[in-house]
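Undergrad:
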Amino acid sequence: MKKVSIYFSFILIVLLIFVLGFSNQKSKKPNYYYQVYLDGEYLGTIDSKKSLENYITKQANIIRDNVKNYNNQITAINDTNEVLASITENKLGIYYNDYKSLSNNDKAKYIINNQEKLQISDLKTESLKTYLKLKLFNLSNEELNEMKYNYENNKIYLTSNNISTPNG
0 MKKVSIYFSF
10 ILIVLLIFVL
20 GFSNQKSKKP
30 NYYYQVYLDG
40 EYLGTIDSKK
50 SLENYITKQA
60 NIIRDNVKNY
70 NNQITAINDT
80 NEVLASITEN
90 KLGIYYNDYK
100 SLSNNDKAKY
110 IINNQEKLQI
120 SDLKTESLKT
130 YLKLKLFNLS
140 NEELNEMKYN
150 YENNKIYLTS
160 NNISTPNG
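Structural data, given as structure tokens:
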């Protein structure tokens, strides 16, 4: 009986070694990874060129959306400034001095409420509404200049559908 249990134990151990030894096979195909550098600065590691192109496309779409937002905001600010400057004493009569004392925020609200009387186009009124909704009247000159700078430097993203990998 003792011999049977020794043989049984030996066969069990051999089977375990056989099963465990061959079940954990490594892939014979090597994995390729690419280190990505831009102008000598290490950006990260990717597993394919396609991953890099997808990443660049994703980033380009983010920049494109930001540039569109900047463009809309700059247009709203410019249109609002144009409308605010177009309101003259001739249009308001005796209420002109009261109007002059208002903040740009309140002036925009006043103009929206009196759009027909002041003969303001729907397009300009929409710009005024955007100006108020996004609280663009709170922007400092520094923030506005930064927005304009970013728009000017990235407006190519608005006209380009395909962004290729950089040469650097």
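If you're matching positions, the sequence shown starts at 0 in numbering that gives the first Met the number 0 and goes up one per residue. For every residue, glycine included, the Cβ atom is placed at its ideal position computed from N, Cα and C.
CB Ile73 to CB Lys147, shorter than 8 Å?
TA: Yes, they are a contact pair.
Undergrad: Which residues in the same chain as Ile76 place their Cβ atom closer than 6 Å to its Cβ, once the five residues preceding and following it in sequence are excluded?
TA: Around Ile76: Leu135.
Undergrad: Answer yes if the stretch 116 to 133 comes into contact with the stretch 76 to 86, meaning at least three C-beta pairs across the two stretches below 8 Å, and no otherwise.
TA: These segments touch.
Undergrad: What three-state label does DSSP hand Ile119 in the structure shown?
TA: DSSP places Ile119 in coil when its eight states are reduced to three.
Undergrad: If you reduce the DSSP assignment to three classes, tell me which class Ile155 lands in.
TA: Of the three classes helix, strand and coil, the one that applies to Ile155 here is helix, per DSSP.
Undergrad: Helix, strand or coil for Gly39 per DSSP?
TA: Coil.
Undergrad: Excluding the 5 residues flanking Glu40 on each side, which residues of the same chain have their C-beta closer than 8 Å to its C-beta?
TA: Within the same chain, Glu40 has no close Cβ partners at all.
Undergrad: Name the residue from Tyr32, Asp38 and Asn65 whose alpha carbon lies nearest to the alpha carbon of Ser50.
TA: Among Tyr32, Asp38 and Asn65, the Cα nearest to that of Ser50 is on Tyr32.
Undergrad: State the beta-bridge partners of Ile45 as determined by DSSP.
TA: Answer is Tyr33, bridged to Ile45.
Undergrad: Compute the Euclidean distance between the alpha carbons of Ser85 and Asn96, then round it to the nearest angstrom.
TA: About 15 Å.
Undergrad: Under a Cβ-count criterion, where at least 16 other Cβ atoms within 10 Å of its own Cβ denotes burial, should Tyr69 be classed as buried or exposed?
TA: So Tyr69 counts as buried.
Undergrad: Measuring alpha carbon to alpha carbon, tell me which residue in Asp46, Ser159 and Asn104 is nearest Asn30.
TA: Comparing Cα-Cα distances from Asn30 to each of Asp46, Ser159 and Asn104, the minimum goes to Asp46.
Undergrad: How many angstroms separate the CA atom of Gly43 from the CA atom of Val35?
TA: Roughly 5 Å between the two C-alpha positions.
Undergrad: Compute the Euclidean distance between the alpha carbons of Lys106 and Leu83, then round it to the nearest angstrom.
TA: The alpha-carbon atoms of Lys106 and Leu83 are separated by roughly 7 Å.
Undergrad: Please check the pair Val66 and Leu122, which I expect to be a contact at CB under 8 Å, by giving their CB distance rounded to whole angstroms.
TA: With 8 Å as the limit, Val66 and Leu122 do not qualify as a contact, their Cβ atoms being about 21 Å apart.
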